[in-house]
Amino acid sequence: MELSQPEIIVKRLRILYDLSKSRDEFLHFNNPYEILIATILSAQTTDKTVNLVTKELFSRFPSVSDLAKAGIGDVERIIHPTGFFHAKARNIIAASQMVVKDFGGEVPDRMEDLVRLPGVGRKTANIVLNHAFSKIEGIAVDTHVRRVSMRLGLTNQSEPDKIESDLTRVFSPDMWGEINGLFILHGRRICTARKPACMACVLADICRFVSNPSD
DNA sequence: ATCCCGAGGG
DNA sequence: CCCTCTGGAT
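Using the numbering used here, you'd call the opening residue of the first sequence number 2 and step up by one each time.
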């Protein structure tokens, strides 16, 4: 039977990248509280740094109610290596307080509630939904997903929200959960912003960027 | 120098 | 659309 272009893309990237190994750095955070906080901290830093600081953070503040009562200075010192520590410390404490007050101490499992938490945007909310609740409600669009999608011609938009709606139209819902991880890995290893390795790319034959490098 | 599995604000 | 927030890795 004939595969559609999006199916071909997913199929080939799946063979190339083992998501069960590389995607779930947050798999060892087993409750929604830890997943939420670790995901907020992961903005603009590496998972190694997040793993380093969360070790101390979660042993000092084991539950969301502990973090809700934490002092800003203690939290800032612990998470300092992740960068943006002032905003992140403020956000994770305020988010914890909001979870305690507005959600009875349970991290919410709906997109519209999650994005109201300070420090939580669509991207973070999507990851929390995925990892903490196994709910797929869309495709998290970051700079990698955006660049790869545009080069492949899966969207002509540049705003993340519009790209997401294009992608959710193009890919069937059972593929949504893996698009983010697959495209991020591909975007970092092959389809890089500068000097993409098109000659080593398994999608080169169906990618319009190869013949029209314009981005 | 440049980039990171962003969010919030103007 | 733009800018700012920040440290660490390469």
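Every residue, glycine too, gets a C-beta built ideally from N, C-alpha and C.
**Beta-carbon proximity list for Val-149, same chain, < 7 angstroms, skipping 5 on both sides** = For Val-149, where only same-chain residues beyond five positions count, the Cβ hits under 7 angstroms are Phe-184, His-187, Gly-188 and Cys-192.
**Item:** Pick from Ile-79, Gly-154 and Asn-131 that is closest to Arg-209, judged by C-alpha positions
**Value:** Gly-154
**Request:** Can you say whether Ala-198 is buried or exposed, counting buried as having 16 or more other CB atoms within 10 angstroms of its CB?
**Result:** exposed
**Message:** Can you tell me where the alpha helix (DSSP H) holding His-87 begins and where it ends?
**Reply:** 86 to 103
**Message:** Quick check: what's the CA-CA separation for Asn-131 versus Glu-138?
**Reply:** 8 angstroms
**Asked** What residues in its chain sit with their C-beta under 6 angstroms from that of Ala-126, if we drop five residues either side in the sequence?
**Response** Met-112, Leu-115 and Val-116
**Message:** Between which residues of its own chain and Tyr-34 is the CB-CB distance below 7 angstroms, once the five residues before and five after are set aside?
**Reply:** Only Ser-64, Val-65 and Val-108 meet the Cβ criterion.
**Prompt:** Are there 16 or more other CB atoms within 10 angstroms of the CB of Ala-194, so buried, or fewer, so exposed?
**Reply:** In this structure Ala-194 is exposed. Its beta-carbon is surrounded by fewer than 16 other beta-carbon atoms within 10 angstroms.
**Prompt:** For Leu-118, which option in Glu-57, Asn-92, Asp-143 and Gly-105 has the closest C-alpha, if you only look at C-alpha atoms?
**Reply:** Distances from the alpha-carbon of Leu-118 to those of Glu-57, Asn-92, Asp-143 and Gly-105 put Asn-92 closest.
**Asked** Between the C-alpha atoms of Leu-4 and Ser-166, what's the straight-line distance to the nearest angstrom?
**Response** 22 angstroms
**Prompt:** With respect to the alpha helix (DSSP H) encompassing Thr-176, which residues constitute its N-terminal and C-terminal limits?
**Reply:** The residue you asked about is not Thr; residue 176 is Met in the sequence shown. Its alpha helix (DSSP H) spans residues 174 to 190.
**Message:** Is it buried or exposed, Arg-24, if we count other Cβ atoms within 10 angstroms and call 16 or more buried?
**Reply:** Note that Arg-24 scores 45 on pLDDT, short of 50, meaning its location in the model is unreliable; the coordinates nonetheless yield the value given after this. By the neighbour-count rule (16 or more Cβ atoms within 10 Å), Arg-24 is buried.
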